[in-house]
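Engineer: What follows is a single structure, and I will ask about it in a moment.
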Amino acid sequence: MPKINYTEEDLEDHNGMGAVIKDDKGQILVQEHVKYGFWTLPVGKAKKDSDVKEGLKKELLEECGINAVKFREIAKRDYYYTRNKRKVLVMVHLFEIEKYEGIIENREPEKHRKQLFMGLKEIVKLPYLSDITLFYLETLGIKRKAKLK
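Position 134 (the sequence shown) corresponds to 137 in the working numbering; numbering is contiguous.
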């Protein structure tokens with residue numbers, strides 16, 4: 004895996020928000036992340052003391068061009084990562100987006116190589132998944148490793 008250039012923001016403890024967004028066929032929106040090389044649910048981060056719901060809404064507007072109107076938190080978990088020899092706490096909040104306004108588009112192609120809806124069976128077969136995507140799969144009773152050989 005190539006060396007990742009972390010920003011100062013990446014090296015601070017923070018909240019991570021993941022969004023489960025489904026289309027009318029029940030397929031889930033995923034993005035191929037350029038920096039980390041994995042497939043992920045739409046994600047964002049917010050400062051440790053900030054409102055995660057507001058952070059989620061802001062990230063979805065910036066990344067996907069939608070306004071989250073109705074959503075609920077479905078799970079929460081803390082992760083610890085070592086980045087540039089620093090221990091970083093990421094407090095992950097997983098949300099299901101029940102209603103949104105706008106048309107989904109990839110507003111950050113420099114960050115997300117691809118953005119598309121996929122069925123659960125397709126997502127499980129992707130070669131490399133983010134922790135937040137694995138966490139979502141776990142909430143559904145599906146276990147797998149981040150990388151498939």
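The C-beta atom is built at its ideal place from N, Cα and C for all residues, glycine as well.
Tell me, please, whether the stretch 8 to 24 touches the stretch 43 to 53 by the rule of three or more beta-carbon pairs shorter than 8 Å.
Structural biologist: At 8 Å Cβ cutoff, the stretches touch.
Engineer: Which residues share a DSSP beta bridge with residue 103?
Structural biologist: Answer by DSSP bridge pairing, in chain order: 71.
Engineer: Do you know whose CA, among 70, 54, 123, 151, lies nearest residue 142's CA?
Structural biologist: Selected option, being the one with the closest Cα: 123.
Engineer: Taking the alpha-carbon positions, what's the residue 128 to residue 140 distance?
Structural biologist: Rounded to the nearest angstrom, the two C-alpha atoms are 12 Å apart.
Engineer: Residues in its own chain within less than 7 Å of residue 69 by CB, not counting five upstream and five downstream?
Structural biologist: Counting only Cβ-Cβ distances below 7 Å, and skipping sequence neighbours, we find 63, 103, 104, 105, 107.
Engineer: So the beta strand (DSSP E) residue 127 belongs to, where does it begin and stop?
Structural biologist: Element bounds for residue 127: not the beta strand (DSSP E) but the alpha helix (DSSP H), 123 to 128.
Engineer: Where does residue 39 sit, in a helix, a strand or coil, going by DSSP?
Structural biologist: It is coil, neither helix nor strand.
Engineer: Let me check understanding here. Comparing Cα to Cα, which of 15, 118, 152 lies closest to residue 67?
Structural biologist: Minimum Cα distance to residue 67 is reached at 118.
Engineer: Whole angstroms is fine: what's the gap from residue 32's alpha carbon to residue 60's?
Structural biologist: Going by the C-alpha atoms only, they are around 16 Å apart.
Engineer: Just the C-alpha distance for residue 152 and residue 52, rounded to the nearest angstrom, thanks.
Structural biologist: Distance between the alpha carbons of residue 152 and residue 52: 39 Å.
Engineer: Is residue 77 buried or exposed, if buried means 16 or more other CB atoms sit within 10 Å of its CB?
Structural biologist: Exposed: under 16 other Cβ atoms inside 10 Å.
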